[in-house]
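Here is the structure we will look at.
Residue numbers (UniProt numbering): 1 to 161.
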């Protein structure tokens, strides 16, 4: 697993090649394995968007925030939840790590998620009720180019005591 953690890179240029159905199942399994605060499993929903037409509609609504990825994993959380957004971040990381393991690129999108919430008719199409909001979108697909490896060994300050 450390390999996927160290090799995960933000990808912002995707090919239009579809993501394999079995790989989508593995991404869903990674989502399902995510932690949830206080075992409150009713505060988060995953929406897997495979339809090219629906992906294009979301792309337009989010001002191209999803970088033309062929697969979008939208994570919706209950608006009044204390844990939903934290759970969504952990779930997104699981999806991104599994995508890396499978040879796909991905990226964590918040601004597009915020923008998508301004389109109630599109949220309705996605099956999102009024008590939920999109917290994060994870675009997934094959990268147009191999991202440069970034040494993150000293990225953050670490305090050991």
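Yeah, the Cβ is synthetic: ideal placement off N, Cα and C, and Gly gets one too. Note that the coordinates shown come from a computational prediction; the quantities given were computed from them, not determined experimentally.
Notebook entry, point to check: Does the distance from the C-beta atom of residue 88 to that of residue 132 stay below 8 Å?
Noted result: Not a contact, by the Cβ cut-off of 8 Å.
Please state the DSSP three-state secondary structure of residue 43.
Three-state DSSP puts residue 43 in a helix.
- [ ] Report yes or no: do the segment 115 to 126 and the segment 97 to 104 share at least 3 C-beta pairs separated by less than 8 Å?
- [x] As far as the Cβ criterion goes, the segment 115 to 126 does not touch the segment 97 to 104, which means the pair count is below three.
Practice item. May I have the straight-line CA-CA distance separating residue 20 from residue 118, to the nearest angstrom? Key: Taking the straight line joining both Cα atoms gives about 31 Å.
Contact belief for residue 97 with residue 8 at Cβ below 8 Å, rounded distance in angstroms:
Contact check for residue 97 and residue 8: beta-carbon distance about 6 Å, within the 8 Å limit, so the pair qualifies.
_Unbroken beta strand (DSSP E) run spanning residue 135, endpoints_ = Membership of residue 135 in the beta strand (DSSP E) is indicated by the continuous run 132 to 141.
Check your understanding: Where DSSP assigns a beta bridge to residue 49, which residues make up the other side?
Key -> The partner list for residue 49 (beta bridge, DSSP) reads 72.
Distance CB(residue 62)-CB(residue 105) smaller than 8 Å:
No.
Exercise. Going by beta carbon distance, what residues of the same chain come within less than 6 Å of residue 17, once the five residues before and after it are set aside?
Worked result: Taken in chain order, the residues that qualify are 142.
**Asked** Taking residue 182 as the reference, which of 3, 91, 152 has the closest Cα?
**Response** Nothing about residue 182 can be read from this structure; the chain reaches only from 1 to 161.
- prompt: With a Cβ-Cβ cutoff of 8 Å, do residue 48 and residue 78 count as a contact?
  reply: No, the Cβ-Cβ distance between residue 48 and residue 78 is not below 8 Å.
- Item | Cβ pair residue 140, residue 54 closer than 8 Å | Not in contact: residue 140 and residue 54 (Cβ atoms no closer than 8 Å).
query = Using the beta-carbon count (16 or more within 10 Å), is residue 158 buried or exposed?
reply = With a threshold of 16 other beta carbon atoms within 10 Å, residue 158 falls short and is exposed.
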